[in-house]
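Enquirer:
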Amino acid sequence: MEHTVVERELELRLILSPERSIPVPARLAYRTDDPYAVHITFHINSDFPVHWTFARELLVEGVFRPCGHGDVRVWPTKVNGRSVVLMALSSPDGDALLEAPTPQVSAWLERTLRAVPPGAEAAQLGIDDALDQLLAR
Numbered sequence: 005m006e007h008t009v010v011e012r013e014l015e016l017r018l019i020l021s022p023e024r025s026i027p028v029p030a031r032l033a034y035r036t037d038d039p040y041a042v043h044i045t046f047h048i049n050s051d052f053p054v055h056w057t058f059a060r061e062l063l064v065e066g067v068f069r070p071c072g073h074g075d076v077r078v079w080p081t082k083v084n085g086r087s088v089v090l091m092a093l094s095s096p097d098g099d100a101l102l103e104a105p106t107p108q109v110s111a112w113l114e115r116t117l118r119a120v121p122p123g124a125e126a127a128q129l130g131i132d133d134a135l136d137q138l139l140a141r
């Protein structure tokens, strides 16, 4: 089976304080062989990029309203008249608050939703076919 990858390079802002943020190059990636997840790679000043994976549904909802709890929280807001999506990420290694431009995130999400529409994720994985084969025995 052929799989599709939907990627987007964009610049996020790492919020250091209410007055200070720094640019962080990032790549959003969605793979049809992992249809429930989105992958974000942050290119920071280190030897290795930082990778985060979380539910696509969380990011889709977070463009419109606050959602998530625990390690990943996402919510829309305005900064200097611009629509942005804030992502609060927590791990044992630390916490980060990132700002992403809503138009670029939304356009990328629309491409992922065309690749695998909501509700079609299980069919993409072939779970129903595998269960049918297992139960037919």
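Quick note: to get this note's numbering, add 4 to the position in the sequence shown (first position is 1). We put the beta carbon where it would ideally sit given N, CA and C, even for glycine.
Is DSSP giving PRO39 helix, strand or coil here?
Expert: coil
Enquirer: Where GLY66 and VAL78 are concerned, what is the direct C-alpha to C-alpha distance, given to the nearest angstrom?
Expert: 5 Å
Enquirer: Suppose the cutoff is 6 Å on Cβ atoms and the five residues either side in sequence are ignored; what does the same chain contact list for SER94 look like?
Expert: ASP75
Enquirer: Indicate whether the contact test is met: 3 or more Cβ pairs, each with one atom in the segment 120–128 and one in the segment 43–53, closer than 8 Å.
Expert: By the criterion of at least three beta-carbon pairs nearer than 8 Å, the segment 120–128 is not in contact with the segment 43–53.
Enquirer: With DSSP as the reference, please indicate the residues paired to ARG31 in a beta bridge.
Expert: Per DSSP, GLU13 and THR45.
Enquirer: In this structure, how does DSSP classify SER110 when only helix, strand and coil are distinguished?
Expert: helix
Enquirer: What residues are listed by DSSP as bridge partners for PHE58?
Expert: VAL42
Enquirer: Looking only at its own chain, which residues have a Cβ that is under 6 Å from the Cβ of ARG115, when we skip the five neighbours before and after it?
Expert: VAL10
Enquirer: With DSSP collapsed to three states, give me the class of VAL64.
Expert: VAL64 falls in the helix class under three-state DSSP.
Enquirer: Among SER25, SER21 and GLU6, whose alpha-carbon lies nearest the alpha-carbon of GLU15?
Expert: SER25
Enquirer: Identify whether THR81 lies in helix, strand or coil by the three-state DSSP scheme.
Expert: Under the three-state reduction of DSSP output, THR81 falls in the strand class.
Enquirer: Once DSSP output is grouped into helix, strand and coil, what is the label at GLU103?
Expert: strand
Enquirer: How many Å lie between VAL120 and LEU63 at the Cα?
Expert: 15 Å
Enquirer: What is the rounded straight-line gap between the Cα of ALA92 and the Cα of ASP51?
Expert: ALA92 and ASP51: Cα-Cα distance of roughly 23 Å.
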